[in-house]
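For the sequence shown, the residue numbers in the numbering used here are 132 to 296. Glycine included, C-beta positions come from ideal geometry on N, C-alpha and C. Since the model is a prediction, treat every value here as computed from it, not as a measurement. Have a look at the structure below before the remarks.
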Amino acid sequence: MRTGVVTERLNSDSGRQVELVQKTGAEIRRQLGRALAIREVDAGSCNGCEIEISGLTGPVYDSERFGIHFVASPRHADMLLVTGPVTRNMEVPLLKTYEATPAPKLVVAVGDCAKNCGVFKGSYAIIGSVADVIPVDAFVTGCPPEPAEILHGILAALGRLPQRK
Numbered sequence: 132m133r134t135g136v137v138t139e140r141l142n143s144d145s146g147r148q149v150e151l152v153q154k155t156g157a158e159i160r161r162q163l164g165r166a167l168a169i170r171e172v173d174a175g176s177c178n179g180c181e182i183e184i185s186g187l188t189g190p191v192y193d194s195e196r197f198g199i200h201f202v203a204s205p206r207h208a209d210m211l212l213v214t215g216p217v218t219r220n221m222e223v224p225l226l227k228t229y230e231a232t233p234a235p236k237l238v239v240a241v242g243d244c245a246k247n248c249g250v251f252k253g254s255y256a257i258i259g260s261v262a263d264v265i266p267v268d269a270f271v272t273g274c275p276p277e278p279a280e281i282l283h284g285i286l287a288a289l290g291r292l293p294q295r296k
């Protein structure tokens with residue numbers, strides 16, 4: 132009996148990916164002095180962005196090791212990662228989640244749908260983009276964006292925090 136390929140080889144960008152997550156971790160420590168707590172909110176996406184966000188916690192990026200923690204409650208969050216266009220059913224829950232997040236709070240809209248409604252634009256079920264409902268600090272484009280692009284968006288949003296004393 133033979134065992135086939137169990138895992139894929141990392142591509143040539145793997146070194147840059149590790150550097151990016153290390154840079155993000157260093158910036159988190161510099162800005163917050165502790166780990167970054169993120170609450171992910173699906174406002175009506177197709178779940179493509181969620182799959183890429185979950186890639187951040189996988190073995191390649193291992194974001195937990197560098198101080199990026201996903202939390203279950205917005206009351207514990209520093210940042211909201213919002214995916215998808217905002218549907219009519221998710222407008223109020225998104226607003227309540229934003230209001231429950233303590234200040235200073237950051238919002239990163241992940242994916243083309245979160246920015247401009249993508250393929251869902253014009254649907255009767257869509258309110259609009261994330262920025263139409265809550266203030267957004269950074270946009271991550273792509274359908275879906277890769278985990279490295281999401282990290283760039285997190286870094287961009289961190290740059291908007293007031294400087295620590």
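Through-space distance from residue j to residue i, alpha-carbon basis
i    : j    : result
Q162 : P224 : 29 Å
N220 : C177 : 15 Å
C244 : K236 : 22 Å
C274 : A174 : 15 Å
V217 : K154 : 31 Å
I159 : E150 : 14 Å
E230 : P293 : 19 Å
F251 : I281 : 21 Å
L226 : R133 : 54 Å
C180 : V172 : 11 Å
C248 : E183 : 18 Å
7 Å Cβ shell around residue i - same chain, five flanking residues per side excluded
i    : result
A269 : V239, G284, A287, A288
Y192 : Q148, V152, G186, P278
E222 : I258, V264
K246 : A240, S260, F270, T272
V267 : V238, A240, V261
G198 : G156, I159, R160, A166, L167
A256 : T218, R219
Residue range of the beta strand (DSSP E) that includes residue i
i    : result
A269 : 269-271
A279 : Unbroken run through A279 is the alpha helix (DSSP H), 278-289; no beta strand (DSSP E).
L225 : Careful: L225 lies outside any beta strand (DSSP E), inside the alpha helix (DSSP H) at 222-231.
D173 : 167-173
A240 : 237-241
Residues near residue i by beta carbon distance below 6 Å, same chain, minus five either side
i    : result
A168 : H200, V202, H207, A208, D209
Which of helix, strand or coil DSSP assigns to residue i
i    : result
L212 : strand
G156 : helix
G189 : coil
V217 : strand
L151 : helix
V202 : coil
G322 : Here the chain has residues from 132 to 296 only, and residue 322 is not among them.
Endpoints, the alpha helix (DSSP H) within which residue i is located
i    : result
I184 : 179-186
Same chain, Cβ closer than 8 Å to residue i, neighbours up to 5 away in sequence not counted
i    : result
R170 : F201, V202, A203, S204, P205, H207, A208, M210, L211, L212, T228, T232
E195 : T188
V291 : The question names Val, but residue 291 in the sequence shown is Arg. The answer, listed in chain order, is L237, D268, A269.
G242 : S176, G179, C180, T214, G215, G249, V271, T272, G273, C274, P275, P276
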